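Numbering (the UniProt record's numbering), first residue to last: 1 to 375.
Think of the CB as a built atom: it goes at the ideal place given N, C-alpha and C, for glycine as much as any other residue.
Remember, it's a predicted structure, so these values are computed and weren't measured experimentally.
This is how it looks when you write it as structure tokens:
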């Protein structure tokens with residue numbers, strides 16, 4: 001499906017056949033980067049975006065050419081493979097846990113109104129236009145339009161910690177015309193159609209219109225329960241799925257799982273390129289010196305040290321010498337370049353580390369201290 005092509009969204013309640021015409025996303029999510037078939041090529045491609053890895057691969061190719069190499073290719077390939085393998089194992093482990101997390105979320109159960117009764121469905125099988133029932137302390141399976149609840153006036157309370165980190169409860173209220181649809185039979189007869197904005201990542205904004213019984217009713221963000229919210233202090237509520245899966249606002253904010261390149265990685269790539277340029281200059285200077293020596297002095301030693309049959313001139317000898325020096329001077333770029341760098345920094349923004357448990361320690365007001373803590 002293409003999000004760019006969608007100008008506005010049309011969703012009809014209890015009408016899967018109608019909604020299927022628009023090919024909306026299902027409620028399955030995927031945050032993993034690889035599968036069994038794509039792991040090796042994609043991971044290697046990502047790793048070789050590090051210039052040092054590409055450099056040592058080229059060096060390995062040069063070392064298997066006996067005419068220019070006096071060093072064993074084992075000295076390069078073993079450390080390179082070790083670095084690539086350790087990184088690949090780490091990436092594979094991280095992605096394995098992403099797969100497990102995706103599977104756990106996709107297999108959560110939700111009560112969906114199907115053919116006149118509430119049926120347990122996996123989250124990944126929930127579709128746009130379905131009417132679902134939420135009970136107290138349950139996660140919201142998709143972005144839904146609140147229709148009715150157990151509270152007076154169609155009110156309900158949600159916790160949005162998964163979205164914005166705030167633990168204080170927020171109030172949502174259904175339209176007055178739908179707030180009395182708490183009966184299953186009434187919900188089955190509900191055939192309202194919502195025309196709204198296309199999927200986007202704005203958590204605090206929603207615009208749309210509900211068309212029902214020859215009337216239209218404006219909708220805003222106060223009528224929506226977003227995926228990732230938790231229903232609190234409300235026995236039950238019913239809602240109509242507007243956005244599902246990767247098109248929910250939560251997933252729109254997550255984006256695709258990308259290969260992370262830190263500022264240090266970019267700096268290292270630049271430094272390696274400069275070092276490699278220096279290495280090229282050194283190789284050229286030494287190769288030119290070898291060519292001059294071979295043409296002026298070296299020919300006098302051919303009786304004792306004859307050229308190999310593949311060396312036909314001093315220029316060609318200098319060319320081979322250039323590549324030989326590239327190999328000999330390879331340690332200018334150490335393969336341990338990326339070892340020991342900081343990759344993750346944890347920041348406590350909204351109770352991530354404190355678990356939102358705050359205990360008064362000490363404070364100072366107008367010079368008067370209160371409490372027994374130490375500043």
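The shortest CA-to-CA distance from residue 32 to any of 87, 75, 101 is the one to 101. Judged by pairs of C-beta atoms under 8 Å, the segment 105-115 does not touch the segment 151-161, as fewer than three such pairs exist.
The secondary-structure analysis by DSSP pairs residue 365 across a beta bridge with 368. If only complete runs of 4 or more residues are kept, the segment 106-169 shows the alpha helix (DSSP H) at 161-164, in order along the chain. In its chain, beyond the 5 residues on either side, 56 have a beta carbon closer than 6 Å to the beta carbon of residue 80. Under DSSP, residue 215 takes part in a beta bridge, and its partners are 212.
Listed in chain order, the non-local C-beta contacts of residue 291 below 8 Å within the same chain comprise 314, 315, 317, 318, 321, local neighbours out to five positions each way being set aside. Residue 19 places its beta carbon less than 8 Å from that of residue 129. Counting along the chain, residue 59 sits inside no beta strand (DSSP E); it lies in the alpha helix (DSSP H) bounded by residues 51-63. In this structure, residue 195 lies near residue 8, with their beta-carbon atoms less than 8 Å apart.
Taking a contact to require three or more Cβ pairs closer than 8 Å, the segment 121-136 and the segment 160-180 do not qualify as touching. A contact between stretches requires three or more CB pairs, one per stretch, nearer than 8 Å, and the segment 243-254 meets this requirement with the segment 16-30. Comparing alpha carbon positions, the residue from 223, 233, 199, 148 closest to residue 169 is 233.
In this chain, the beta strand (DSSP E) harbouring residue 232 covers 230-232. Residue 9 carries a strand assignment under DSSP once its states are collapsed to helix, strand and coil. Per DSSP, the continuous alpha helix (DSSP H) segment holding residue 184 begins and ends at 184-189.
Here the alpha carbons of residue 266 and residue 282 stand approximately 25 Å from one another.
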